[in-house]
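*Asks:* Per my numbering, residue 572 is the first one in the sequence shown, and the count goes up by one each step. Here it is: the structure, laid out below.
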Amino acid sequence: MRYLFFICTFLSFSILRAQDSVLVSKNFKFEDGIYLNFKAFQDNSPNYKWDDVVSQVFINGESFISKTEEFVLKAVGKIPFSEIWGFSYNGIPYIRLRNEEAFATFTALRVRGKLCYFTYEEDVSEWVEISAYNPVNGRPFRTGKVKNIREVKREKMLFFETGEIQDFNPVNFLLAIKNIDPPLWEALSALREEEAQAKLFKSLLIFDDRHEVYTIKPTTSNE
572 MRYLFFICTF
582 LSFSILRAQD
592 SVLVSKNFKF
602 EDGIYLNFKA
612 FQDNSPNYKW
622 DDVVSQVFIN
632 GESFISKTEE
642 FVLKAVGKIP
652 FSEIWGFSYN
662 GIPYIRLRNE
672 EAFATFTALR
682 VRGKLCYFTY
692 EEDVSEWVEI
702 SAYNPVNGRP
712 FRTGKVKNIR
722 EVKREKMLFF
732 ETGEIQDFNP
742 VNFLLAIKNI
752 DPPLWEALSA
762 LREEEAQAKL
772 FKSLLIFDDR
782 HEVYTIKPTT
792 SNE
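Below you can see the structure in the form of structure tokens.
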């Protein structure tokens with residue numbers, strides 16, 4: 572009798588959980604608003620809705636980058652950027668990358684799932700050696716270093732169950748999936764470095780399709 576009661580309780584809990592949770596697919600739309608920490612994002616429960624905010628959000632539709640000057644709450648006032656993990660706008664979550672003098676930079680999680688994916692451009696400065704050449708004999712007569720700034724594409728993956736962020740590359744991805752998806756790990760490991768890099772993003776999508784992760788069902792619709 573006690574065993575039967577346990578089964579009924581377990582089934583009831585499972586049904587209730589299924590009703591309250593929803594699959595995080597690659598295009599899953601999160602509750603709109605501001606998330607102060609990763610746990611709030613993970614639970615799909617923003618700390619503040621946009622109705623509570625008087626600030627405007629500007630987003631580059633091509634790069635999925637937002638440079639926001641400030642977030643001001645109607646009742647409280649300005650929220651320091653350091654206290655904001657990210658926000659969701661039209662269902663798309665944006666994670667804070669860095670703070671600059673007058674604004675903070677956010678980028679979209681372009682893929683949502685067990686492993687989320689985001690990318691952004693970053694200016695990297697480096698010293699480059701240049702030489703001045705004698706036009707007569709072609710020999711260098713002066714050499715010096717100049718500061719060169721180039722734009723570098725950064726790719727990251729975010730572990731939805733822990734909040735950990737790592738560089739998105741074949742080495743890190745293979746370590747992440749080794750004990751979870753051995754067949755995919757073996758297939759990707761067998762490729763040459765160039766091939767593995769070329770198929771890395773598709774492998775991420777395959778991994779997320781195979782391994783489901785859930786969050787709390789939205790209370791509003793972003794469709």
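Every residue gets a Cβ at the ideal spot worked out from N, C-alpha and C, and that includes glycine.
What separation, rounded to the nearest whole angstrom, lies between the Cα atoms of Asp752 and Asp591?
*Replies:* Spanning the two alpha carbons is a distance of roughly 27 Å.
*Asks:* Nearest by alpha-carbon distance to Ile666: which of Ala675, Ala673, Trp656 and Phe674 is it?
*Replies:* Trp656
*Asks:* Taking the continuous alpha helix (DSSP H) assigned at Gln737, which residues delimit it?
*Replies:* Here Gln737 belongs to no alpha helix (DSSP H); instead the beta strand (DSSP E) covers Ile736 to Asp738.
*Asks:* For Leu575, collect the residues of the same chain with a Cβ closer than 8 Å to its Cβ; drop the 5 residues on either side in sequence, then sort them by chain order.
*Replies:* Residue placement at Leu575 is flagged as unreliable, the pLDDT there being 45, under the threshold of 50; a coordinate-derived value is accordingly withheld.
*Asks:* Using CA atoms only, rank isn't needed, just tell me which of Ser659, Glu726 and Glu735 is closest to Asp622.
*Replies:* Ser659
*Asks:* Classify Ser583 as helix, strand or coil using the three-state DSSP reduction.
*Replies:* Note that Ser583 scores a pLDDT of 38, beneath 50, so its modelled location is shaky; the value from the coordinates is reported in the next line. Three-state DSSP puts Ser583 in a helix.
*Asks:* Taking 7 Å as the threshold (C-beta atoms), are Ile787 and Asp603 in contact?
*Replies:* No. Outside cutoff.
*Asks:* Mind checking Ala679: buried by the 16 CB within 10 Å criterion, or exposed?
*Replies:* A residue is called buried when at least 16 other Cβ atoms come within 10 angstroms of its Cβ; Ala679 meets this threshold and is buried.
*Asks:* Residues in the same chain with beta-carbon distance under 6 Å from Gly734, minus the five sequence neighbours each way, listed in chain order, please.
*Replies:* Phe609, listed in sequence order.
*Asks:* Have a look at Ile605 and Lys685 and give me their C-alpha separation to the nearest angstrom.
*Replies:* When only Cα atoms are considered, Ile605 and Lys685 end up about 21 Å apart.
*Asks:* Have a look at the DSSP bridge pairing and note the partners of Ala767.
*Replies:* Answer is none; Ala767 lacks a bridge partner.
*Asks:* CB Lys600 to CB Val682, shorter than 7 Å?
*Replies:* no
*Asks:* Would you say Asn670 and Phe652 are within 7 Å of each other, going by their C-beta atoms?
*Replies:* yes
*Asks:* Is the distance from the Cβ of Phe674 to the Cβ of Glu640 below 7 Å?
*Replies:* Cβ atoms of Phe674 and Glu640: closer than 7 Å.
*Asks:* Rounded to the nearest angstrom, how far is the Cβ of Cys687 from that of Phe744, given a contact under 8 Å?
*Replies:* With a Cβ gap of about 13 Å, Cys687 and Phe744 do not count as contacting.
*Asks:* Just verifying my parser: in three-state terms, what is the DSSP assignment at Gly609?
*Replies:* In the sequence as displayed, the identity of residue 609 is Phe instead of Gly. Helix at Phe609.
*Asks:* Using a Cβ-Cβ cutoff of less than 7 Å, which residues in the same chain neighbour Val784 once the five nearest sequence positions on both sides are dropped?
*Replies:* Val595, Gly684, Lys685, Phe731 and Glu732
*Asks:* First and last residue of the beta strand (DSSP E) that includes Ile650?
*Replies:* Gly648 to Ile650
*Asks:* I need the straight-line Cα distance from Ala761 to Val723, nearest angstrom please.
*Replies:* 28 Å
*Asks:* Out of curiosity, what's the CA-to-CA distance linking Lys727 and Asn740?
*Replies:* 8 Å
*Asks:* How should Ile720 be labelled, buried or exposed, when 16 other C-beta atoms within 10 angstroms of its C-beta is the threshold for buried?
*Replies:* exposed
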